[in-house]
């Protein structure tokens, strides 16, 4: 898992810079094809080194997808539908995570090799479907062609010009902090919530794993849809509507982290999990739409790639820290302490993140 996270994190900004300069359709198709082919090949692995290198390649393929996919969605969907569109997209990730828990069940019914083979084949087949039906936005393709045919434009210097524009934008630094801090409990729930459920509710891991996964997945599903609808309505009345909606989501995660960390009965733990999932879903549906209020379409994939890298590295750090907390018997306490960091990020977001337009364009 470590090699996947490190490569996925480091490749995210690179993937974003590429997505801002080429036809995103082929990045998305290529990402899915490589991911699926790697999954297929894992069914033929006979030693750890083979799995290790395939996981590394999988990190590259997944990094190529997120910046391209989200920037494509936000190009097609403007103020009235943007957050809901992103939210619906995020439900695919939540459903995938929930269904992933059944991978072992499928493998036990057949074989683990067959399971990898069929998942890989299905993904490869779907990449062919995307070749036929997925299309990039016309103006983005035209811009990519211009950059490709413009001899004076060095691709590397152009990419670093984009980085310079992002890192001299104070709002982007605030968004980075706002995105990275909630990523700490976000990754903590992905990696340590089953253990927390098992310890605090005295459950076997065979019961705690599915229970925690479904609790977060179902509530996050509700959160992204509700948060998307609310944000799209609010932005039409108030230019800070998306910021306020994201703040509501973060605010919901604060008491939920306290309940998850200090709770020792079923209503408190499950209630905390449901509250966290709804809040984090609202937050998740509005990250890219908020970014669109400060960054023009030309650099959005790069910006989200940097955000994604920051979130992944924050997640890797908290996973290691909570592992040590578990060994020391302090998992619940340290889990709850993350609420303080989220509160700081929430205050910074509400006070300092002040968009002037509902959608930043290249002309703004």
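Numbering (this note's numbering), first residue to last: 203 to 566. Every residue gets a Cβ at the ideal spot worked out from N, C-alpha and C, and that includes glycine. Bear in mind that the values here come from a model prediction, so they are computed numbers and not experimental data.
- Going by DSSP, residue 277 is part of the alpha helix (DSSP H) stretching over 250–278.
- About 6 Å separates the CB atoms of residue 242 and residue 319; that is less than 8 Å, so the two are in contact.
- Counting of Cβ neighbours within 10 angstroms places residue 546 among the exposed residues, the total staying below 16.
- Under a 10 Å Cβ-count criterion, residue 263 is classified as buried, with 16 or more other Cβ atoms of the shown protein chains found around its own Cβ.
- Going by DSSP, residue 329 is part of the alpha helix (DSSP H) stretching over 314–335.
- Residue 317 has its alpha-carbon roughly 30 Å from the corresponding atom of residue 486.
- Counting only runs of at least 4 residues, the region 403–471 fully encloses the following alpha helix (DSSP H) elements, listed from N- to C-terminal order: 407–437, 443–464.
- Residue burial annotation: residue 239 is buried, with at least 16 other C-beta atoms found within 10 angstroms of its C-beta.
- Excluding sequence positions up to five before and after residue 472, its CB lies within less than 7 Å of the CB of 417, all in the same chain and listed in chain order.
- In this structure, residue 482 and residue 425 form a Cβ contact; the two beta carbons are roughly 6 Å apart against a cut-off of 8 Å.
- Here DSSP, grouped into helix, strand and coil, assigns residue 381 to helix.
- The residue from 410, 439, 403 with its alpha-carbon nearest to that of residue 468 is 403.
- Here residue 507 is actually not in contact with residue 261; their C-beta atoms are around 14 Å apart, not less than 8 Å.
- Here residue 268 is buried. Its C-beta has 16 or more other C-beta atoms within 10 Å.
- In this structure, residue 496 keeps its C-beta atom at 9 Å or more from the C-beta atom of residue 400.
- Less than 9 Å divides the Cβ of residue 512 from the Cβ of residue 382.
- Listed in chain order, the non-local C-beta contacts of residue 560 below 7 Å within the same chain comprise 281, 437, 441, 495, local neighbours out to five positions each way being set aside.
- Less than 9 Å separates the beta-carbon of residue 552 from that of residue 449.
- In this structure, residue 231 lies near residue 332, with their beta-carbon atoms less than 9 Å apart.
- By the CB criterion at 9 Å, residue 463 and residue 535 fall inside the cutoff.
- Residue 524 places its beta carbon less than 9 Å from that of residue 537.
- The C-alpha of residue 367 is placed about 20 Å away from the C-alpha of residue 277.
- Remark: C-beta atoms of residue 214 and residue 510 approach each other more closely than 9 Å.
- Judged by their CB atoms, residue 451 and residue 488 are nearer to each other than the 9 Å cut-off.
- In the DSSP annotation of this structure, residue 245 is not part of any alpha helix (DSSP H), being labelled neither H nor E.
- By alpha-carbon distance to residue 342, the top candidate from 259, 432, 226, 251 is 226.
- Counting of Cβ neighbours within 10 angstroms places residue 439 among the exposed residues, the total staying below 16.
- Between residue 447 and residue 528, the CB-CB gap reaches or exceeds 9 Å.
- Of the residues 245, 562, 554, 533, the one whose Cα lies closest to the Cα of residue 377 is 554.
- Here residue 551 carries a helix assignment [DSSP, helix/strand/coil].
- Look at residue 477 here: in three-state DSSP terms it is helix.
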